[in-house]
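*Asks:* My questions will all concern the structure given below.
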Amino acid sequence: MDVRELTAAKDLYTASALLAEIWRPTDPMPFEMLQVTRHIGGYVAGAFDGSTMIGACAAFPTADGGLHSHITGVAVQGRGVGFAIKVHQREWALERGIPTISWTFDPLARRNAHFNLAKLAARAAAYLEDFYGDMPDELNMGDPSDRLLVEWRLDSPEVAAAVAGTSATRPEPGDDMVITLAEDTLGRPERHDPIGAAAVAVGTPADITTLRACGPDIAREWRQAQRAALGGALAGGFHVTGFTRTGYYLLECAR
């Protein structure tokens, strides 16, 4: 696999088409937007298997000297394409003196949460309610677009270890934690009051994409329940300390 910055028009067109196929029926990053992003000093890159592009990413420079990674799409799963793109993006940013990369993701997506918080060691910064408004693409249709904003502090020891493949393993919720949101036997969200707990665990559905397609009402229940549990905890002074393999956000009170 080869990850490289994209500059040629034909590669930008290919990246745009790849992202449009993933987020169909929308066109989230047309050629013109990728061209402008590259022109103003942003990051536009593609991952290649031979001559075939199998992943693409675009990130905008921010007013505070950082980089906001707006979109990453991967056409094939299970080959580490997303991780390879992030490693390349980090090196690209460090070469230009950029200390931090931020991005958002759907906090209901268990796989994405584990990738971002555990595998990459990014830190949760804020819960953003309905960040993009109504989204008509097949991945998000019919559900409020809540997002978790994360920051990737590129020169931190945790991130350096994660990029080297030695990210820390997070334990499962222990007896000292109150599980405030979990999946019941029917796949529905089950909430519990934290009752003044100093440490909590907030669960995720096993597969929110399938749930949106086959059980949209339950998917919306999950959105509202997690907005209250995770968003409420972050607003109430908790911070995320990790994410477990079984799908729990681990949070501790920062006060």
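Numbering (the UniProt record's numbering), first residue to last: 1 to 255. Beta carbons are placed, not taken as given, at the ideal position from N, Cα and C, and that holds for glycine.
One question on the structure: do Val36 and Leu6 come within less than 8 Å of each other, judged by their Cβ atoms?
*Replies:* Mapped onto the sequence shown, residue 36 falls at position 36. Mapped onto the sequence shown, residue 6 falls at position 6. Their beta carbons are not under 8 Å apart, which means Val36 does not touch Leu6 by this criterion.
*Asks:* Closer than 8 Å by C-beta to Gly142: which residues in its own chain qualify, once you throw out the five before and the five after it? Chain order, please.
*Replies:* Stepping through the sequence shown from its first residue, residue 142 is reached at position 142. Excluding residues within five positions, the ones whose Cβ falls inside 8 Å are Arg212, Pro216, Ala219 and Arg220.
*Asks:* Express the C-alpha separation of Arg123 and Pro157 in angstroms, rounding to a whole number.
*Replies:* On the sequence shown, position 157 is the one that residue 157 refers to. On the sequence shown, position 123 is the one that residue 123 refers to. Pro157 and Arg123: Cα-Cα distance of roughly 13 Å.
*Asks:* To the nearest whole angstrom, what separates the beta carbons of Pro205 and Gly187, a pair I think is in contact under 8 Å?
*Replies:* Residue 205 sits at position 205 when you count from the first residue of the sequence shown. Residue 187 sits at position 187 when you count from the first residue of the sequence shown. Indeed they touch by this definition, with Cβ atoms about 7 Å apart.
*Asks:* Tell me whether the beta-carbon of Pro28 lies closer than 8 Å to the beta-carbon of Ile85.
*Replies:* The residue you call residue 28 lines up with position 28 of the sequence shown. The residue you call residue 85 lines up with position 85 of the sequence shown. No. Outside cutoff.
*Asks:* In terms of residue numbering, what span does the beta strand (DSSP E) encompassing Ser69 cover?
*Replies:* As a first step, residue 69 must be located in the sequence shown, where it is residue number 69. Element bounds for Ser69: Leu67 to Val74.
*Asks:* Can you list, in chain order, the residues of its chain whose CB lies under 8 Å from that of Ala233, leaving out five sequence neighbours each side?
*Replies:* Taking the sequence shown and counting its residues from 1, one reaches residue 233 at position 233. Excluding sequence neighbours, Ala233 sits near Thr180, Pro194, Val200, Val202 and Leu251.
*Asks:* By Cβ distance below 6 Å, which residues in the same chain neighbour His69 in space, the five residues on each side in sequence not counted?
*Replies:* For the purposes of this step, residue 69 is identified with residue 69 of the sequence shown, where counting begins at 1. The residue you asked about is not His; residue 69 is Ser in the sequence shown. These residues qualify, in order along the chain: Ala59, Ile101 and Trp103.
*Asks:* In three-state DSSP terms, what is Tyr127?
*Replies:* Numbered from 1 along the sequence shown, position 127 holds the residue referred to as residue 127. In the structure shown, Tyr127 sits in a strand (DSSP, three-state: E or B).
*Asks:* Taking the alpha carbon of Ala229 as the reference point, which residue from Leu108, Gln77, Thr26 and Asp207 has its own alpha carbon closest?
*Replies:* As a working mapping, residue 229 is identified with position 229 in the sequence shown. Cα-wise, what sits closest to Ala229 is Leu108.
*Asks:* May I have the straight-line CA-CA distance separating His192 from Met53, to the nearest angstrom?
*Replies:* In the sequence shown, counting from the first residue as 1, residue 192 sits at position 192. In the sequence shown, counting from the first residue as 1, residue 53 sits at position 53. Whole-angstrom Cα-Cα distance: 45 Å.
*Asks:* On the three-state DSSP scale, how would you describe Asp64?
*Replies:* Position 64 of the sequence shown, counted from the start, is the residue given in the question as residue 64. It is coil, neither helix nor strand.
*Asks:* Can you list the alpha helix (DSSP H) stretches of 4 or more residues lying completely in the stretch 178-229, in chain order?
*Replies:* Runs of alpha helix (DSSP H) with 4 or more residues, each lying fully within the stretch 178-229, are found at 208-214 and 216-226, listed in chain order.
*Asks:* Run through DSSP, which three-state label would Ile85 get?
*Replies:* Here residue 85 refers to the residue found at position 85 of the sequence shown. DSSP places Ile85 in helix when its eight states are reduced to three.
*Asks:* Is there contact here, the stretch 143-157 with the stretch 114-134, by at least three beta-carbon pairs under 8 Å?
*Replies:* yes
*Asks:* How is the alpha helix (DSSP H) around Gly142 delimited, first residue to last?
*Replies:* Position 142 of the sequence shown holds residue 142. Here Gly142 belongs to no alpha helix (DSSP H), and DSSP marks it neither H nor E.
*Asks:* Contact check, Val240 vs Leu117 under 8 Å by CB: the rounded distance?
*Replies:* Counted from its first residue, the sequence shown places residue 240 at position 240. Counted from its first residue, the sequence shown places residue 117 at position 117. Correct: roughly 7 Å between the Cβ atoms.
*Asks:* Take Pro25 and list the residues in its own chain whose beta-carbon comes closer than 8 Å to its own, dropping the five residues that flank it on each side.
*Replies:* Here residue 25 refers to the residue found at position 25 when the sequence shown is read from its first residue. Excluding sequence neighbours, Pro25 sits near Pro136, Asp137 and Glu138.
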